[in-house]
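Undergrad: Just dropping this structure here.
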Amino acid sequence: MATRKTIEPFWWTLFSVGGVVAAFLVPVHLFVHGLAAPLGWIPLGHGSLLALVTQPLVKVYLFVLIALPLYHWAHRFRFILEDVGLHGFRTPIAILSYGAAVLGTVATLWVLWRI
Amino acid sequence: MTAPQPRRPGLYYPTLPATWWLRRPSYFKFMMRELSSVFVAIFLVVLLVQVRRIGQGPEAYAAVLQTLRAPGWILFHVVALGFAIFHSVTWFNLTGVVQVVRVGERQVPPRLVAGASFAAWGAVSLVLLWFFVRG
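Here the protein sequences come in this chain order: A and B.
Residues in the first sequence are numbered from 684 upward in steps of one, following my numbering.
Residues in the second sequence are numbered from 1063 upward in steps of one, following my numbering.
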């Protein structure tokens, strides 16, 4: 069998790194920003949050937290669609999934840049 | 059952109904693990919107919190939290198996590697939680 060079290992590495980031960091942030802050369990003042997100290191942290797990999603979402039988659309599914993750990365960079 | 249309010759496509993952608990668990990524991704988009609103000022941030207080969003985040924790648990359990750690000649038991991951996860979560509670 001829071995073809593909970009697959690149996406797989991002999948793996994104999975680690999601596993370690997402549950606590989901609890704080999805439930505790809106419900007032943990009152987060706008002033202190703004001071926080304008720090360069926090921006790097937010980039890692938001952008990398998107590639984890893209990889899994791609195979969810294939696993439920959409084999005929492998290429468009891959382009759509990874494309959405790239778009999310650009959006993250843009938001962080503008603050 | 619709037959898949193989576009790439030489590849084997099993013909399964779209609901194959409902047949066994282990298949279902696999699909839920895969599905967890969807909930995590939606939350991250919400988080990015929050960051943007923080940058736009106190009113904008208060407005997004007001939106997220709606029952639908609370329900979504409760479900998403369940999926996120499910991802963490399955991920760390797998880490113990995939990531072979050796000390000298001997392999550290996978359960110990998984246990260390769980401990680190707990520590990181507590530190971050403490950071936000402290204000």
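The beta carbon of each residue, even a glycine, is placed where N, CA and C say it ideally should be.
Keep in mind it's a predicted model, so treat the numbers as computed, not measured.
As a quick exercise: from Leu792/A, Pro775/A, His758/A, Ile776/A, pick the residue whose alpha carbon is nearest that of Ala1103/B.
TA: In the second sequence, residue 1103/B corresponds to position 41, counting from 1. Nearest C-alpha to Ala1103/B: His758/A.
Undergrad: For chain A, check one thing: does any of its Cβ atoms lie closer than 8 Å to the Cβ of Ala1125/B?
TA: Sequence index remark: in the second sequence, residue 1125/B carries index 63 (1-based). False, the Cβ-Cβ gap to chain A never drops below 8 Å.
Undergrad: Give the secondary structure of Arg1131/B by DSSP, where H, G and I count as helix, E and B as strand, and everything else as coil.
TA: What you label residue 1131/B is simply residue 69 of the second sequence in a count that begins at 1. It is coil, neither helix nor strand.
Undergrad: Taking only the alpha-carbon atoms, compute the straight-line gap between Leu1078/B and Leu764/A and give it to the nearest angstrom.
TA: Locating residue 1078/B in the second sequence gives position 16, where the first residue counts as 1. Locating residue 764/A in the first sequence gives position 81, where the first residue counts as 1. The straight-line gap from Cα to Cα measures roughly 13 Å.
Undergrad: Could you tell me the alpha carbon to alpha carbon distance between Ala1205/B and Gln738/A, rounded to whole angstroms?
TA: Look at the range of chain B in this structure, 1063 to 1197, and you will see that residue 1205/B is not part of it.
Undergrad: If we call anything under 8 Å between Cβ atoms a contact, is Leu1127/B one with Ala720/A?
TA: On the second sequence, position 65 is the one that residue 1127/B refers to. On the first sequence, position 37 is the one that residue 720/A refers to. Result yes, Cβ atoms of Leu1127/B and Ala720/A sit closer than 8 Å.
Undergrad: Is there a C-beta anywhere in chain D that falls below 8 Å from the one on Ser731/A?
TA: Protein chains A and B are contained in the structure displayed, whereas chain D is not.
Undergrad: Give, in chain order, every residue of the region 768–783 of chain A whose Cβ lies closer than 9 Å to some Cβ of chain B.
TA: Taking 9 Å as the Cβ-Cβ cut-off against chain B, the residues of the region 768–783 of chain A that qualify are Gly768, Leu769, His770, Gly771, Phe772, Arg773, Thr774, Ala783.
Undergrad: At a Cβ threshold of 8 Å, is Leu722/A touching chain B?
TA: Along the first sequence, read from residue 1 onward, the residue named residue 722/A stands at position 39. True, the Cβ-Cβ gap to chain B drops below 8 Å.
Undergrad: Let's see if you can read the secondary structure: which residues bound the alpha helix (DSSP H) around Trp1192/B?
TA: Indexing the second sequence from 1 puts residue 1192/B at position 130. Its alpha helix (DSSP H) spans residues 1172–1196.
Undergrad: Does Thr689/A pass the burial test, meaning 16 or more other C-beta atoms within 10 Å, or should it be called exposed?
TA: Stepping through the first sequence from its first residue, residue 689/A is reached at position 6. That one is exposed.
Undergrad: Helix, strand or coil: which one does DSSP assign to Met1063/B?
TA: For the purposes of this step, residue 1063/B is identified with residue 1 of the second sequence, where counting begins at 1. Residue placement at Met1063/B is flagged as unreliable, the pLDDT there being 48, under the threshold of 50; the coordinate-derived value follows with that caveat. Coil at Met1063/B, not helix or strand.
Undergrad: Can you pull out the residues from the region 1164–1175 of chain B whose beta carbon lies closer than 7 Å to at least one beta carbon of chain A?
TA: Listed by position along the chain: nothing, the set is empty.
Undergrad: Does the CB of Trp1183/B have a neighbour CB from chain A at under 8 Å?
TA: As a working note, residue 1183/B is residue 121 in the second sequence. Yes - at least one Cβ of chain A is within 8 Å of the one on Trp1183/B.
Undergrad: Give the residues of chain B in contact with Pro710/A, contact being defined as C-beta atoms less than 7 Å apart.
TA: Indexing the first sequence from 1 puts residue 710/A at position 27. Per Cβ cutoff of 7 Å: Leu1143, Ala1146, Ile1147, Ser1150, Ser1187.
Undergrad: Buried or exposed: which applies to Tyr1074/B, given that a residue is buried once 16 or more other Cβ atoms fall within 10 Å of its Cβ?
TA: Here residue 1074/B corresponds to residue number 12 of the second sequence, with the count starting at 1. Exposed, by the Cβ-count rule.
Undergrad: Could you have a look at Val1165/B and say whether DSSP puts it in helix, strand or coil?
TA: If you number the second sequence from 1, residue 1165/B lands on position 103. Looking at Val1165/B - three-state DSSP - the assignment turns out to be strand.
Undergrad: Looking only at its chain, what residues have a beta carbon closer than 7 Å to the beta carbon of Gln1112/B, apart from the 5 residues adjacent to it on each side?
TA: Locating residue 1112/B in the second sequence gives position 50, where the first residue counts as 1. If we look at Gln1112/B and ignore the five residues flanking it on each side, its Cβ neighbours are Val1126.
Undergrad: Can you tell me which of Arg1115/B, Phe1101/B, Gln1169/B puts its alpha carbon nearest to the alpha carbon of Arg1137/B?
TA: As a working note, residue 1137/B is residue 75 in the second sequence. Inspection of the sequence shows that residue 1137/B is occupied by Leu rather than by Arg. Measuring from the Cα of Leu1137/B, the nearest candidate turns out to be Phe1101/B.
Undergrad: Are there 16 or more other CB atoms within 10 angstroms of the CB of Pro692/A, so buried, or fewer, so exposed?
TA: For the purposes of this step, residue 692/A is taken as residue 9 along the first sequence, with counting starting at 1. Result: exposed.
Undergrad: Looking at Leu753/A: is its Cβ nearer than 8 Å to the Cβ of Thr788/A?
TA: Numbered from its first residue, the first sequence carries residue 753/A at position 70. Numbered from its first residue, the first sequence carries residue 788/A at position 105. Yes, these two residues count as a Cβ contact at 8 Å.
Undergrad: Sorted by chain position, which residues of the same chain lie with C-beta nearer than 8 Å to Gln1169/B's C-beta, five sequence neighbours on each side aside?
TA: What you label residue 1169/B is simply residue 107 of the second sequence in a count that begins at 1. Around Gln1169/B: Val1162, Val1163.
Undergrad: On the criterion of 16 or more Cβ atoms from any shown chain inside 10 Å, does Met1063/B qualify as buried, or is it exposed?
TA: Counting from 1 along the second sequence, the entry for residue 1063/B is found at position 1. For Met1063/B, the pLDDT reaches just 48, beneath the cut-off of 50, and the residue's location in the model is therefore unreliable, leaving the point undetermined.
Undergrad: Helix, strand or coil for Ile1104/B per DSSP?
TA: Within the second sequence, residue 1104/B is the residue found at index 42, counting from 1. Ile1104/B: helix per DSSP, three-state reduction.
Undergrad: Let me know the secondary structure DSSP gives Gln1112/B once reduced to three states.
TA: Position 50 of the second sequence, counted from the start, is the residue given in the question as residue 1112/B. Gln1112/B: helix per DSSP, three-state reduction.
Undergrad: Between Val767/A, Leu735/A, Thr696/A, Leu745/A, which lies nearest to Trp1082/B when the distance is taken from Cα to Cα?
TA: Translated into positions along the second sequence, residue 1082/B becomes position 20. The residue with the shortest Cα to Cα distance from Trp1082/B is Val767/A.
Undergrad: Please state whether DSSP places Thr696/A in a helix, a strand or coil.
TA: Position 13 of the first sequence, counted from the start, is the residue given in the question as residue 696/A. Three-state result, Thr696/A: helix.
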